[in-house]
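Colleague: The sequence shown begins at 19 in this note's numbering and counts up one residue at a time. For glycine and all other residues, C-beta sits at the position ideal for the given N, C-alpha and C.
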Amino acid sequence: MSKPLEGIKIIDFTHVQAGPACTQLLAWFGADVIKVERPGSGDVTRNQLRDIPDADALYFTMLNSNKRSLTLDTKTQEGKDVLEKLVRESDVLVENFGPGALDRMGFSWERLNELNPKLIMASVKGFSDGHHYDDLKVYENVAQCAGGAASTTGFWDGPPTVSAAALGDSNTGMHLAIGILTAIIGRGQTGRGQKVAVSMQDSVINLCRVKLRDQQRLDRIGYLEEYPQYPHGEFSDVVPRGGNAGGGGQPGWVLKCKGWETDPNAYIYFTIQGHAWEPICRALGKPEWIEDPNYATPQARQPHIFEIFATIEAWLADKTKYEAVDILRKFDIPCAPVLSMKEIANDPSLRASGTIVEVPHKERGTYLTVGSPIKFSGLKPEITGSPLLGEHTDEILSELGYSKDQIASLHSSRSV
Ligand code: COA
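1) What span of residues does the alpha helix (DSSP H) with VAL110 cover, start to end?
2) Could you check which residue in ASP109, ALA75 and ALA301 has the C-alpha nearest to that of ILE52?
3) Below 8 Å, is the gap between the Cβ of TYR151 and the nearest heavy atom of the ligand COA?
4) Which of the three DSSP states, helix, strand or coil, is assigned to LEU406?
5) Mind checking whether the beta-carbon of PHE31 lies closer than 8 Å to any heavy atom of the ligand COA?
6) Report all residues from its chain with a CB closer than 8 Å to the CB of LEU230; omit the five preceding and five following residues, and keep chain order.
7) What did DSSP end up calling MET2 once you bin it into helix, strand or coil?
8) Considering TYR348, what are the terminal residues of the beta strand (DSSP E) in which it resides?
9) Quick one: Cα of GLY211 to Cα of LYS337, how far?
10) Just to confirm, does GLY408 get its C-beta within under 8 Å of one of the non-hydrogen atoms of the ligand COA?
11) Quick one: residues in its chain with C-beta nearer than 7 Å to the C-beta of GLY277, no 5 flanking neighbours on either side, listed in chain order?
12) Give the DSSP bridge partners of ASP50, in chain order.
13) If you scan the segment 218 to 275 from start to end, which runs of the beta strand (DSSP E) of 3 or more residues do you find wholly inside it?
14) Output the distance between the C-alpha atoms of SER433 and GLU102, rounded to the nearest integer angstrom.
15) Taking 8 Å as the cut-off, is the CB of THR41 close to at least one heavy atom of the ligand COA?
16) Name the one or two DSSP bridge partners that ILE330 has.
17) Enumerate, from N- to C-terminal direction, the unbroken alpha helix (DSSP H) stretches of 4 or more residues contained entirely within the segment 175 to 225.
18) Are the CB atoms of LEU428 and ALA195 within a distance shorter than 9 Å?
19) Alpha carbon to alpha carbon, how far is ILE326 from ARG227? Give it in angstroms, no decimals.
20) Could you spell out where the alpha helix (DSSP H) holding SER427 opens and where it closes?
21) Going by DSSP, what residue range makes up the alpha helix (DSSP H) through LYS360?
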């Protein structure tokens, strides 16, 4: 099966997570992604949090599948020459260095555009150009704090809290991938490349838009009816942390199931969707709530919401999270078990759909990774292992026209 991005050559000058997540996605869909890494060390994540001595860490392997690896010291003249050749032949260069690093290396956007006017340059930075923090280096949790996620996550009596989901890193990479694909389509119309820039702060803000919605509602009316603070607690002038409350018009909460005393994940998420009120009451053995004016409408229920959740928890006490969902699904109630990473790793449905896949690796044997969350009717992305450091250096140099002697000379000068 041919892949839609076949023929698109990408210089992957990325490291850690935000950039690699973007280029990995494009590689899955057929792009030739050439990961450019510093000779000797490579992407820092090859060595970080290792679980097998001397083998690439999972941090690296899970973000760099389907790529080729070229080692190149782009601070030597020989290395710069190789990069220039590559730039002339490529469609996209993706980078997420610290602010100014690419300029200091001699590859500013202006220079890249001069070398290849069709090239699309795609950049991730912590903050957008011109922002008063645009000189800062940024990692995941910094972005979650700067993007409004941390101030609105967690419980009201605890500190700002970061999410386990990589809202700053992988999320930014996904935004960048959309930007790159848009620029590729744009190039088809104009014949010219362009610079695509995404900041981690902006990407987090884009996912926090419902909290910006809430800030404006709070400014106008002084309370937020779907938050646990309503109606008994106090609101200040900023959106509070709402614990596990639902973010929309449907109240929800994480509820204990059988075994919660010893199993940290024996919980379900339960949503009280308006139209499901009657079946919920029947499922709980509370038919009198159906017509009771204190419970019959969402507005009437809100002041009692935690009493309702407590009643549901009492009903859940003798049911495992799986048993509970099996009952509740019959009543059309939006709910799911809280799944541990162990359960996700072994979930047969996720294995069958290709969302969780095992791939071979030359040093590690097989490893588990996340496959494409995007499913196509005409494409089944095949996930391959990540490359060893410099595994494809000679192959890529010879594709660029370097002779065996020239390649040997690049090796001996330690430029590759
Ligand atoms: N050959 C030679 N030099 C190379 C090289 C190569 N192949 N690849 C990288 N370098 C150099 C860079 O040119 C830079 O040199 P300089 O600072 O002397 O100009 C140097 O390596 C370090 O780059 P930098 O990106 O600043 O690394 P860092 O480890 O200090 O910072 C981050 C890491 C992630 C904090 C920083 O890259 C950053 O803020 N990136 C933007 C936001 C981002 O993507 N954050 C991470 C999300 S996971």
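Modeller: So, from the data block:
1) First-last for VAL110: 110 to 113, but that is the beta strand (DSSP E), not the alpha helix (DSSP H).
2) ASP109
3) no
4) coil
5) yes
6) GLY166 and ILE223
7) The structure shown does not extend to residue 2, since the chain spans only 19 to 434, so no value can be given for it.
8) Note that residue 348 corresponds to Lys in the displayed sequence, not to Tyr. Premise fails: LYS348 is in no beta strand (DSSP E) and is neither H nor E.
9) 58 Å
10) no
11) ALA284 and THR338
12) LYS27
13) 270 to 274
14) 14 Å
15) no
16) Bridge partners of ILE330: none, in fact.
17) 188 to 208 and 218 to 225
18) no
19) 29 Å
20) 422 to 430
21) 359 to 363
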